[in-house]
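I have placed the structure first, in the form of structure tokens, so that the comments after it can refer back to it.
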Amino acid sequence: MLAQLTSNALGRRGIHYGWVVAGVTFLAMLTTSAALGLPGAMLQPLSREFGWTTDQLASVFAVRFALFGLLGPFAALFIARFGLSRIMMVAASFIAVAMGLATLVTQLWQLALLWGLVLGCGTGLTALVLGAMVANRWFTRNRGLVVGLFAASTATGQLIFLPAAAWIIEHHGWRYAVLPVVVACSLVAALAWMFVRNQPRDLGLRPFGEPEDTPLEAPLQPAPLNFLAPFTTLAEAARHRTFWVLAASFFICGLSTNGLVQTHFISLCSDNGLAAVPAASVLAMMGAFDLVGTTLSGYLSDRYDNRKLLFWYYALRGLSLFWLPFSTFTLYGLSLFAMFYGLDWIATVPPTVKLAAQAFGKERAGLVFGWVFAAHQLGAAAAAYGAGLTRTLLLTYNPALFAAGAACLVAAVLVMRIRRSPLAAA
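Heads up: the sequence shown is residues 739 to 1164, going by our numbering.
The structure is reproduced here in structure tokens:
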């Protein structure tokens, strides 16, 4: 009822209700980003309090990243069965429980259960697959821009939460730092229940950008929970080189962002004499530049060759990672890194989503991108654990940074091998 009233009121002002759904989705993904990024700020406080090593904590974070990605294809399945609103509510509840109960842990296995399993499942349901499905259902025009905004929510989550979290940890302890995320999750659940609808037809609308004379879409029926469907789609997609190139390049994307920088940046700065609060502020600066870069990337992905965009994104990211160990870890040097690295942190997402949709068709794009995103998070998991192990064994993150930089240059070459012709009919 409230959604219909809001839709009617906005319609009289020429505003499509799809932007309301997009706004709630943005907030859900922003909260997910905060929940994923927050443990990175707590790595050293947890280590000091409980005596856990960097690689032990990194293994917990690796489980979370892996589940975050592997749930992607099944998130598309659950959304098709239960609808956007219910899935957002369940996911927000999972995240709130995982973050809230973590304040009571005393053993590593308890943290692994909450921040590995429960948090991984909750964030996996609100991964970029959710954003891709919302964009495909509610938007015809500006779809790339909307996907870019959703991807940029990752940056905005860091921009809003991490500096504040670092300050709270420094002055009040890490347990109090989880409270803003718990409150935000409760807000997301309420907004999803009140305002999110499964498709435009539910409110008598067409997708944004559809001509007025276009017939309304057929109502979406709850799909059966066919858990073999994601594997069937994977088997079909795996026959094509385009899928493997997208998956391999996105594996490297996750390896060089979430798993490495998002998880270990504050610890890396601490090793080089920079305190947690200014380090978190630099990370937030990356988020600010990524908000601009990813939104711009969405705009560019609607207009230019997405393969060439990805080439430049990966190449510049690789060079920035090579430069980071030589930045002297002053605020000036790190600010330069934040600018160049931040501009394309998540900028790879809109071109990758567009290439998947072009290659495999709109209907299969959600599941195909779900598997590509799974590769992204497996890369993040590998880097989260690998970088932690590197620091434990070698007392430095430099080998991990150089390896990630080299991998990005490989990805830049790989993406130019993507076929131009669509495979949707294949």
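Note that beta-carbon positions come from the ideal geometry of N, C-alpha and C, so glycine has one too.
All values reported here derive from a predicted model rather than from experimental measurement.
With 16 other Cβ atoms within 10 Å as the buried cut-off, status of residue i
i	result
residue 1128	buried
residue 1079	buried
residue 1164	Any answer about residue 1164 is weak, because its pLDDT of 41 lies below 50 and its placement is not dependable; what the coordinates show is given next. Exposed, since its Cβ has fewer than 16 Cβ neighbours within 10 Å.
residue 1116	buried
residue 1020	buried
residue 909	exposed
residue 747	exposed
residue 1123	buried
residue 784	buried
residue 952	exposed
residue 983	buried
residue 1038	buried
residue 815	buried
residue 979	exposed
residue 1050	exposed
residue 763	buried
residue 949	exposed
residue 976	exposed
residue 767	buried
residue 1135	buried
residue 1112	buried
residue 1052	buried
residue 743	exposed
residue 1076	buried
residue 1148	exposed
Run of the alpha helix (DSSP H) containing residue i, from where it starts to where it stops
i	result
residue 1002	1001-1009
residue 786	781-788
residue 964	Per DSSP, residue 964 belongs to no alpha helix (DSSP H) and is neither H nor E.
residue 1021	1014-1039
residue 807	792-808
residue 979	979-994
residue 924	917-933
residue 855	That residue, residue 855, is in no alpha helix (DSSP H); it is neither H nor E in DSSP.
residue 1185	A query on residue 1185 cannot be resolved here, the shown segment of the chain reaching from 739 to 1164 and no further.
residue 746	740-750
residue 843	It is not in any alpha helix (DSSP H) - residue 843 carries neither H nor E in the DSSP assignment.
residue 1165	The chain is shown only over 739 to 1164; residue 1165 falls outside these bounds and no answer can be derived.
residue 1078	1069-1081
residue 1098	1087-1098
residue 1140	1136-1153
Identity of the residues DSSP links to residue i by a beta bridge
i	result
residue 877	946
For residue j and residue i, believed in contact at Cβ under 8 Å, the rounded distance
i	j	result
residue 1093	residue 986	Wrong, their Cβ atoms sit about 13 Å apart, outside the cutoff.
residue 945	residue 756	7 Å
residue 803	residue 1119	4 Å
residue 1040	residue 942	With 8 Å as the limit, residue 1040 and residue 942 do not qualify as a contact, their Cβ atoms being about 27 Å apart.
residue 1084	residue 1043	About 20 Å separates the two Cβ atoms, so there is no contact after all.
residue 869	residue 1033	Incorrect: roughly 13 Å between the Cβ atoms, too far for contact.
residue 854	residue 916	Contact doesn't hold; Cβ gap of about 16 Å is too wide.
residue 899	residue 776	7 Å
residue 926	residue 769	5 Å
residue 841	residue 773	Residue 841 to residue 773, Cβ: 14 Å. No contact.
residue 1035	residue 1047	7 Å
residue 865	residue 806	6 Å
residue 837	residue 921	About 10 Å separates the two Cβ atoms, so there is no contact after all.
residue 1102	residue 971	6 Å
residue 993	residue 1121	4 Å
Cutoff 8 Å: residue i Cβ touching any chain D Cβ
i	result
residue 1112	In the displayed structure, chain D is absent; only one protein chain is listed.
Is the number of C-beta pairs between the region 1081-1097 and the region 1064-1071 that are closer than 8 Å three or more? The region 1081-1097 is not in contact with the region 1064-1071.
Is it a yes or a no for the region 932-951 touching the region 870-880, going by three-plus beta-carbon pairs under 8 Å? Judged by Cβ distances under 8 Å, the region 932-951 makes contact with the region 870-880, as three or more pairs qualify.
When the Cβ atoms of the region 892-908 are set against those of the region 788-795, are three or more pairs found closer than 8 Å? Too few Cβ pairs lie closer than 8 Å, so no.
Do the region 983-1002 and the region 839-851 make contact, defined as three or more Cβ pairs closer than 8 Å? Result no; under three Cβ-Cβ pairs closer than 8 Å.
So does the region 1129-1149 actually touch the region 964-980, counting three or more Cβ pairs closer than 8 Å? With the cut-off at 8 Å, the region 1129-1149 and the region 964-980 do not touch.
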